[in-house]
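This report concerns only the one structure given below.
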Amino acid sequence: MPWYALWSDVIKKKVCRYLLQRYLGQFLQEKLSLEQLNVDLYNGKGTVYDVALYSEVSLPYDPFPH
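If you count the sequence shown from 1, position 24 lands on 24 in the numbering used here, and the numbers rise without skipping.
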């Protein structure tokens, strides 16, 4: 039995929400809610619904130099 099978769905969603906020939060207009997440760690799948993204974010480099 995998280690994550013992975790409840709420715990899995909270961990995934934390990681998404931590690494992609600068691109999100609002914090994610648990209702927006669908997590299936056993199959390696996850879905985020109804996400508003910032259209302009300062990147650390210019991918299209002049």
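For each residue, glycine too, the CB sits at the ideal point set by N, CA and C.
Cross-strand partners of residue i (DSSP beta bridge)
i, result
"residue 48", "37"
"residue 28", "53"
Cutoff 7 Å; reference residue i; Cβ partners in own chain excluding five residues on either side
i, result
"residue 17", "32, 34 and 37"
C-alpha distance - residue i paired with residue j, whole-angstrom precision
i, j, result
"residue 27", "residue 19", "13 Å"
"residue 29", "residue 45", "23 Å"
"residue 25", "residue 52", "11 Å"
"residue 40", "residue 56", "31 Å"
"residue 9", "residue 54", "29 Å"
"residue 7", "residue 42", "11 Å"
Where residue i sits in the DSSP three-state scheme
i, result
"residue 20", "helix"
Sequence-distant residues of its chain with Cβ nearer than 8 Å to residue i (five each side left out)
i, result
"residue 14", "34"
"residue 21", "28, 31 and 32"
"residue 50", "36"
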